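Residue numbers (the working numbering): 1375 to 1835.
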């Protein structure tokens, strides 16, 4: 590749516009070891979290189909749209502030795509097929003998792992209790769940066996955000061009010996010495590779390191810029508003709607009655009991079938109730009515409004 070719195309595309397959060497060094520890902890988190329960419910649940969500044991429903919107704004602000200050640290250290590809799937490929040279030779062989065996074993393992990863994601969406019957029962009993399981397995197999780094370069929008968000004070994996140039053999110029080991280990195939590029996920593989070479040629480590452009060009120590501080301030304000709304959010939500198309009933006890649908939503993880009473008009009678209204934890209930008034106490037409609910276990109250209809029909004798 020519020295300026990186400006014309991404590293995973050749001059003919076809896919350039990346054969990345296995990195080794202190950063790789740290990433392995963090990856192990995050995989344990991803696998174990769906099994952790609070009051019999998962700590996290993102059941999109049933519109039920649990985050750190707190229940959220579509009725919490304002909180949902605030949460998305906070996530977006966090991405902006974090990227301005720390660059793409997330991509290299915590992104599930990077963790599973670089710490699970690629090491398995190295173990079965060998190093990049051996992989190239294997791919050039005909589909017989050694190639058939190795590719077959890798495919089986990849499919099994993709199945596990897909089930982990499904457990986050529908919960472990709903997932276990899908896995253990006949597919005919849970056809939709079985199809979802197969779909996730196929998607993850496609991503980790073939699509790979293209997910980061082409699909993920985060790479393109760095062109807008990164500045001279953003922390990045950077080549020290002041120290390294001109490149060449030891003693012929700068400290860079032009060994291309930083390129050989890069999972996206870039040359970090060309500067900031959207393909770079800041995985630190090039740092470890360069440090190992510097040790061999007896030069100081850090030719490739975490640094800012300001540090390289002006020797300015890394610090949070005024721009970063401004984003952090906005983030704190938005987060404060989110938590305030979360704290004052009522634990239950009630909605009262008069049954459409149904006229009033003139009863033998001298009252006139309307039917209503009462919807109760429990946003907590414990059962709630509440009392409902009519505020106005004052002479109303509530007939709900029981004195107390009960709703189960993290559940929605709908029931029919009747509200009656003495005959002749209300004018014909529509009258506004107001009710009040109060929880028995907590000092929470709220009001409901609806309408009471008395038509022009004559009362039957």
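All C-beta atoms, glycine included, are put in the ideal place defined by N, C-alpha and C.
Here the structure is a predicted model, which is why all the values come from computation and not from measurement.
Inter-residue spacing [alpha-carbon to alpha-carbon] between residue i and residue j
{"i": "residue 1723", "j": "residue 1429", "result": "20 angstroms"}
{"i": "residue 1493", "j": "residue 1545", "result": "22 angstroms"}
{"i": "residue 1425", "j": "residue 1553", "result": "11 angstroms"}
{"i": "residue 1688", "j": "residue 1399", "result": "34 angstroms"}
{"i": "residue 1535", "j": "residue 1423", "result": "18 angstroms"}
{"i": "residue 1491", "j": "residue 1391", "result": "24 angstroms"}
{"i": "residue 1436", "j": "residue 1550", "result": "12 angstroms"}
{"i": "residue 1686", "j": "residue 1524", "result": "46 angstroms"}
{"i": "residue 1798", "j": "residue 1807", "result": "16 angstroms"}
{"i": "residue 1384", "j": "residue 1715", "result": "45 angstroms"}
{"i": "residue 1627", "j": "residue 1457", "result": "58 angstroms"}
{"i": "residue 1388", "j": "residue 1617", "result": "31 angstroms"}
{"i": "residue 1413", "j": "residue 1781", "result": "41 angstroms"}
{"i": "residue 1375", "j": "residue 1708", "result": "Residue placement at residue 1375 is flagged as unreliable, the pLDDT there being 40, under the threshold of 50; the coordinate-derived value follows with that caveat. Rounded to the nearest angstrom, the two C-alpha atoms are 47 angstroms apart."}
{"i": "residue 1403", "j": "residue 1483", "result": "15 angstroms"}
{"i": "residue 1540", "j": "residue 1574", "result": "5 angstroms"}
{"i": "residue 1557", "j": "residue 1439", "result": "19 angstroms"}
{"i": "residue 1599", "j": "residue 1454", "result": "29 angstroms"}
{"i": "residue 1538", "j": "residue 1752", "result": "33 angstroms"}
{"i": "residue 1671", "j": "residue 1442", "result": "59 angstroms"}
{"i": "residue 1472", "j": "residue 1620", "result": "34 angstroms"}
{"i": "residue 1656", "j": "residue 1611", "result": "6 angstroms"}
{"i": "residue 1615", "j": "residue 1444", "result": "48 angstroms"}
{"i": "residue 1485", "j": "residue 1653", "result": "14 angstroms"}
{"i": "residue 1448", "j": "residue 1675", "result": "47 angstroms"}
Backbone secondary structure at residue i - three-state DSSP
{"i": "residue 1410", "result": "helix"}
{"i": "residue 1612", "result": "strand"}
{"i": "residue 1685", "result": "helix"}
{"i": "residue 1492", "result": "helix"}
{"i": "residue 1680", "result": "strand"}
{"i": "residue 1663", "result": "helix"}
{"i": "residue 1710", "result": "helix"}
{"i": "residue 1811", "result": "strand"}
{"i": "residue 1634", "result": "coil"}
{"i": "residue 1792", "result": "strand"}
{"i": "residue 1617", "result": "helix"}
{"i": "residue 1437", "result": "strand"}
{"i": "residue 1474", "result": "helix"}
{"i": "residue 1547", "result": "helix"}
{"i": "residue 1506", "result": "helix"}
Buried or exposed by the 16-neighbour rule on C-beta atoms within 10 Å, applied to residue i
{"i": "residue 1744", "result": "buried"}
{"i": "residue 1407", "result": "exposed"}
{"i": "residue 1478", "result": "buried"}
{"i": "residue 1579", "result": "buried"}
{"i": "residue 1625", "result": "exposed"}
{"i": "residue 1691", "result": "exposed"}
{"i": "residue 1819", "result": "exposed"}
{"i": "residue 1766", "result": "exposed"}
{"i": "residue 1718", "result": "exposed"}
{"i": "residue 1572", "result": "exposed"}
{"i": "residue 1779", "result": "buried"}
Sheet register partners of residue i (DSSP bridge)
{"i": "residue 1787", "result": "1750"}
{"i": "residue 1743", "result": "1735, 1794"}
{"i": "residue 1781", "result": "1758"}
{"i": "residue 1773", "result": "1792"}
{"i": "residue 1446", "result": "In DSSP, residue 1446 forms no bridge with anything."}
{"i": "residue 1819", "result": "1812"}
{"i": "residue 1727", "result": "1747"}
### Task
Could you tell me whether the stretch 1466 to 1480 touches the stretch 1799 to 1809, where touching means 3 or more Cβ pairs closer than 8 angstroms?
Fewer than three pairs of CB atoms, one per stretch, sit closer than 8 angstroms, so the stretch 1466 to 1480 makes no contact with the stretch 1799 to 1809.
### Message
Does the structure place the stretch 1522 to 1533 close enough to the stretch 1493 to 1511 that three or more beta carbon pairs sit under 8 angstroms?
### Response
Under the three-pair Cβ rule at 8 angstroms, the stretch 1493 to 1511 counts as touching the stretch 1522 to 1533.
### Message
Pairs of beta-carbons, one from the stretch 1726 to 1733 and one from the stretch 1638 to 1650, closer than 8 angstroms: are there three or more?
### Response
They do not touch, by the three-pair rule.
### Query
Is there contact here, the stretch 1620 to 1639 with the stretch 1511 to 1526, by at least three beta-carbon pairs under 8 angstroms?
In the pairwise beta carbon analysis, the stretch 1620 to 1639 is classified as not touching the stretch 1511 to 1526: fewer than three pairs are separated by under 8 angstroms.
### Query
Is there contact here, the stretch 1736 to 1751 with the stretch 1784 to 1796, by at least three beta-carbon pairs under 8 angstroms?
Flag = yes, the stretch 1736 to 1751 and the stretch 1784 to 1796 touch.
### Query
Just checking, does the stretch 1504 to 1513 make contact with the stretch 1562 to 1575 on the three C-beta pairs under 8 angstroms criterion?
The stretch 1504 to 1513 is not in contact with the stretch 1562 to 1575.
### Task
Could you tell me whether the stretch 1694 to 1705 touches the stretch 1602 to 1611, where touching means 3 or more Cβ pairs closer than 8 angstroms?
Yes: the two stretches touch, three or more of their Cβ pairs being nearer than 8 angstroms.
### Task
Decide yes or no for the touch test of the stretch 1757 to 1774 against the stretch 1813 to 1827: beta carbon pairs closer than 8 angstroms, at least 3 of them.
Verdict: yes, contact present.
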